[in-house]
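Asks: What follows is a structure written as structure tokens; I'll ask about it next.
Numbering (my numbering), first residue to last: 719 to 887.
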């Protein structure tokens, strides 16, 4: 049994707006979203250990959210899997992906979309920490620790980091 396992939940950064006739899956990040991810990657490079596994939605905006982290965390490219299920996943589906991943790794990053990410964050954290995340806005990163591992601690995770766009200036 591991001492601790870590779940990094990263909601994609701000994307170009959707409007009728636009393919939602192909929407890229806005300039603001790109700048935010560059700042978040610089923060992550100094404050976080790279995850051992990354499961990323294959949408354009999630791939572009991931790109700056590839520069910050060298070697990350080799542990990325693009997971189509994440695109419109429910919290339950995301929890199933995390459960399977934690059988092979101690630190997992999921990159994807709301509302699933926000619901997942609330469902796996203790009540006090879950209250700190009232809304998982675009570009938000939650790092959740499960003492004793996911199997022992899912539902009682501790929020180690909560980084929002406004926190990075």
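Cβ coordinates follow ideal geometry from the N, Cα and C atoms, glycine included.
1. Along the chain, where does the beta strand (DSSP E) containing residue 955 start, and where does it finish?
2. Scan the stretch 729-814 and note each continuous alpha helix (DSSP H) run of 4 residues or more that stays entirely inside, going in chain order.
3. Can we say the stretch 836-850 touches the stretch 790-802, given the rule of at least three CB pairs closer than 8 Å?
4. Can you check DSSP and say which residues form a bridge with residue 864?
5. Under the rule that 16 or more other beta-carbon atoms within 10 Å means buried, what is residue 789, buried or exposed?
6. Please classify residue 825: does DSSP put it in a helix, a strand, or coil?
7. Quick one: Cα of residue 840 to Cα of residue 774, how far?
8. Residue 840 by DSSP, collapsed to three states: which one?
9. Starting from residue 876, follow its DSSP beta bridges and name the residues at the other end.
Replies: Reading from the atomic positions:
1. Residue coverage of the chain in this structure runs from 719 to 887, which leaves residue 955 outside it and unanswerable.
2. 749-765 and 778-790, all fully within the stretch 729-814.
3. The stretch 836-850 is not in contact with the stretch 790-802.
4. Its beta-bridge partners are 723.
5. With fewer than 16 other Cβ atoms inside 10 Å of its own Cβ, residue 789 counts as exposed.
6. Assignment of residue 825 by DSSP, reduced to helix, strand and coil, places it in the strand class.
7. One C-alpha to the other measures close to 20 Å.
8. Collapsing the DSSP output to three states places residue 840 in a helix.
9. According to DSSP, which records beta bridges pairwise, residue 876 is partnered with 863.
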